[in-house]
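Worksheet: the structure to be examined is printed underneath.
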Amino acid sequence: MPPAPPSTASVVLSKGGPGLVDLLADSTELRITVTGPLMLFERLRLLTTLSPFEGCTAQRLEELAGRLEGTLHCGLTGIQEAPVTVETHRAGAVLEIGLGPASMYQSELVLHTTTAETFRALLTRLLSDDPARPFFAGLYPVPATGHLEHHHGGHGHP
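Last residue of the sequence shown: 157 (numbering that gives the first Met the number 0), numbering continuous.
Next comes the structure, spelled out in structure tokens:
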């Protein structure tokens, strides 16, 4: 019998860190430590190589959003729900995950599937018409707008 997949995968998002979080994890829970929520990153957005013609439709993204639960953990503000939303428009739909209030300097997003499936199994089942077709699905940290980074002198900054 093959070993059971790990139940949790972890990653850190920070300035200069990875630009994508691989969502095809063989785990049921993903812990993402976020440095600078709403200062560096506004939210996480699902990116995939799948098109609506391959099964990644607005309806299926809505179903995926309903199968994901997220909580934000911060020492200053406690535990809060991380909203998982789908925004539809003419060109398709976008799934996004909120990162909490701007007052949080560092937080941990705990995202898990509600079906006990791994992220890989859930995304393959819901977003692809052909489970044998390889694809990518990841979370992209959307850069914050409207918040300036702190500059502390040097390199041309007063």
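Even glycine gets a Cβ: it sits at the ideal position worked out from N, Cα and C.
Practice problem: Label Thr212 either buried or exposed according to how many other C-beta atoms from any shown protein chain fall within 10 Å of its C-beta, with 16 as the threshold for buried. | Solution: The question about residue 212 has no answer here: the residues shown for the chain are numbered 0 through 157.
Quiz prompt | For Thr123, three-class secondary structure by DSSP | solution = Three-state DSSP puts Thr123 in a helix.
Quiz prompt | CA-to-CA distance, Phe118 to Thr7, given in whole angstroms | solution = 10 Å
Quiz item: With which residues is Pro130 paired in a DSSP beta bridge?
Solution: BP columns for Pro130 are empty, so no partner.
Practice problem: Drop a sphere of 10 angstroms on the beta-carbon of Ile96, count the other beta-carbons inside from all chains shown, and report buried for 16 or more, exposed for fewer. | Solution: Buried, since its Cβ has 16 or more Cβ neighbours within 10 Å.
Quiz prompt | Given Leu39 as reference, the closest of Ser106, Leu49, Gly65, Gly91 once Cα atoms are compared | solution = Comparing C-alpha distances from Leu39 to each of Ser106, Leu49, Gly65, Gly91 shows the shortest one belongs to Ser106.
Quiz item: Ala136 and Thr47: beta carbons closer than 8 Å?
Solution: Yes, the pair counts as a contact, with Cβ atoms nearer than the cut-off.
Quiz item: Is the beta carbon of Arg30 less than 8 Å from the beta carbon of Val109?
Solution: Cβ distance < 8 Å, so Arg30 and Val109 count as in contact.
Self-check item: Backbone secondary structure at Gly69 - three-state DSSP
Solution: DSSP places Gly69 in strand when its eight states are reduced to three.
Self-check item: Check whether Phe134 and Leu49 have beta carbons under 8 Å apart
Solution: yes
Quiz item: Identify the residues that DSSP records as bridge partners of Tyr104: which are they?
Solution: Paired residues: none, contrary to the question.
Self-check item: Same chain only: Cβ atoms within 6 Å of Pro100, ignoring 5 sequence neighbours per side
Solution: Close CB contacts of Pro100 within its chain, under the 6 Å cut and outside five residues either way in sequence, are absent.
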